[in-house]
Amino acid sequence: MGEVVGGFGGYATRRKQEGVFQYTMVADGSQGVSFDPEKLAQIPEKDRRWAWVEVDLNAIRHNIAQVRSRVGQSRRLLAVVKADAYGHGAVRVAKTALNSGADYLAVATVDEGIELREALINAPIMILAEPPASSIPLLLAYKIMPSIYTAEFAIQYAEAADSCGLKAPYHLAVNTGMNRIGVHHSEVVSFLKQVDFHRALDLKGVFTHFATADSSDDLDFRLQLNRFKEAVAAMRAAGFDPGLVHCANSAASIRYPEALFDMVRMGIVMYGYHPCPETMALVDLRPAMSVHARITDVRMLRMSEGVGYGLHYRSRGSVKTCTIPVGYADGYMRCLSGKVDVICKGQLLHQVGNICMDQAMFEVDLRTSATRERIDPQIGDEVIVMGRQGNAEITATELARIADTIEYEVCIGFSHRMPRYYV
Ligand SMILES: *Cc1c(COP(=O)(O)O)cnc(C)c1O
């Protein structure tokens, strides 16, 4: 018998044996019944809780092909898979992107890079920021390129690399006006002169990031683009090879052929959303993410019965309300309460009552109507929280508008309490 590590009121015990946990239920007076951990693990996550996220990898392939057709064959495509690929799952998206013509990957943190390397991804990976110098051994061990804009980091990185006989590859971040990170555009050459003495430093690329590539007005965009071009020209004139020159995010990649240079960084377009209305006529995109649930409870409500915390919604009579196990802890934002629809059996149905942490309710009008088919959902029926079914669609764009945010935050918000399924 192993060590008892937990239990449910003495009725069941959880024992640690030979390194694996075993669950043993002790039925009254009889012999113990143990459950095979392997069999338990075979119950799919979406059969443990009826809420999940589907990611359509074909949509991602299609979107990458659309970007490719805009930017031409000669440019490299960098797939931005930060924040777990905008909530879509970094490893699966990175592998799909690399198999669909992407050459490079970008993440926001060291750990995001490590996750990709541990999934045996070999492509170049860059971090879109300068991580703490204390993470340098991880960068070298996992071959993850930092963005650099401070001399202190550059020197420490080069010395650490040199001491193990390695090169110190990096991308130089240039601030051309967004004022977030980067070496000031007029100081790029003096920065390089300051650090370049170090033989291990290996400049693989130079980049900047636009603050307004998605704005209708292009004045600030032009200013940033010109500053970037001048900085790159100054580097070349001073004898520095800039490596891969890149600046375009999704919006700039689609809208501005003059901003493509050697590589473009595609983020939101890869996931199927337009960064701005101007790109709609230029590329055809398909959203990859959809959010699904199954009904866990149904009830008929008499007139004026309330629903949910605060009972803010009151039944108008002849309605059935249904509960789904998706709430604001899953990214179904509470500020959407009463303002969104869900889709069931191809129909848009109003979400009612306050969205709870783990659950939300919607109503079904049971009266017959000339304009829609009467439906009567039951426990176990599928509901779409975001996505498409038949002619009905709820997009991240619509949820973002209601929540006063952008599609990026909506997608990333659908939390990992919901498993990702790839279709
Ligand atoms: C996030 C990010 C991108 C991708 O932006 P999208 O608008 O999603 O294309 C590109 N470059 C940098 C530096 C970023 O931080």
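Be aware that the sequence shown starts at 922, since it is given in the working numbering, and climbs by one per residue. C-beta atoms are modelled at their ideal positions from N, C-alpha and C, and glycine is treated no differently. All of these numbers come straight from a predicted model, not from anything done at the bench.
By the 16-neighbour rule on beta-carbons within 10 angstroms, N1096 is buried. Using a Cβ distance threshold of 8 Å, D1024 and L999 count as a contacting pair. Shown here for M1307: same chain residues with a beta carbon closer than 8 Å to its own, the five before and five after excluded, namely M1210, S1211, V1212, I1315, T1316, A1317, L1320, V1331 and F1335 in chain order. Any heavy atom of ligand 1 within less than 5 Å of a residue's beta carbon puts that residue on the list, which reads V1001, L1049, H1130, N1170, S1171, R1186, G1188 and I1189. Pairing K1241 with V1273 gives a Cβ-Cβ distance that is not under 8 Å. The Cβ-Cβ distance between I1333 and A1004 falls below 8 Å. Within the segment 1158 to 1184, the complete beta strand (DSSP E) segments at least 3 residues long are 1165 to 1169, listed from N- to C-terminus. At least 8 Å separates the beta-carbon of I1046 from that of A1018. The Cβ atoms of G1193 and N984 sit closer than 8 Å to each other. For the 8 Å CB-CB criterion, A1054 and E1033 do not form a contact. Using a 10 angstroms sphere on the CB of D1135, the tally of other CB atoms reaches 16 or more, which defines it as buried. The criterion of a C-beta distance shorter than 8 Å is satisfied by I1300 and I1216. When the alpha-carbon of G1160 is set against those of S1137, L1124 and R1186, the nearest one is in L1124.
In the assembly as shown, R1293 is an exposed residue. Its beta-carbon has fewer than 16 other beta-carbons within 10 Å.
In the DSSP annotation of this structure, the continuous segment of the alpha helix (DSSP H) that includes K1003 starts and ends at K1003 to Y1007. Close CB contacts of V1285 within its chain, under the 8 Å cut and outside five residues either way in sequence, are with V1240, K1241, T1242, C1243, C1265, L1270, I1296, D1297 and P1298 (chain order).
Counting C-beta atoms within 10 angstroms of its own C-beta, N1275 has 16 or more neighbours from the protein chains shown and is therefore classed as buried. For the 8 Å CB-CB criterion, E1179 and S1137 do not form a contact. When secondary structure is reduced to three states using DSSP, F1131 falls in the coil class, being assigned neither helix nor strand. Exclusion of the five residues before and after Q1280 leaves T1217, T1244, I1245, P1246, V1247 and G1248 as the residues of its chain whose Cβ lies within less than 8 Å of its Cβ.
Looking only at H1119, G1126, Y1078 and Y1070, the smallest Cα-Cα distance to H1092 is reached by G1126. Proximity of the segment 1104 to 1115 to the segment 1147 to 1154 meets the contact definition, three or more beta-carbon pairs being nearer than 8 Å. In this structure, I1048 lies away from I1076, with their beta-carbon atoms at least 8 Å apart. Counting every other CB atom within 10 Å of its CB across the protein chains shown gives N1020 a total below 16, marking it as exposed. Rounded to whole angstroms, S955 and Y1078 show a C-alpha spacing of 53 Å. For E1303, there is no enclosing alpha helix (DSSP H); the enclosing beta strand (DSSP E) covers residues E1303 to Q1310. A1089 is bridged by DSSP to L1122. A direct Cα-Cα distance of roughly 28 Å separates E1039 from I1102. Its chain contains V1127, V1153 and M1156 as the residues whose beta carbon lies nearer than 6 Å to that of P1163, once the 5 sequence neighbours on both sides are disregarded; these appear in chain order. In the displayed model, Y1025 falls within a strand according to three-state DSSP.
Pairing C1168 with F1131 gives a Cβ-Cβ distance under 8 Å. Membership of L1019 in any beta strand (DSSP E) is not indicated; the residue belongs instead to the alpha helix (DSSP H) covering A1011 to N1020.
A direct Cα-Cα distance of roughly 6 Å separates G1098 from Q1145.
With a contact defined as Cβ atoms closer than 8 Å, L1026 and V1002 qualify at about 6 Å. Between G1229 and C1277, the beta carbon gap of about 7 Å places them in contact (Cβ cut-off 8 Å). Shown here, I1189 sits in a helix according to DSSP, grouped into three states.
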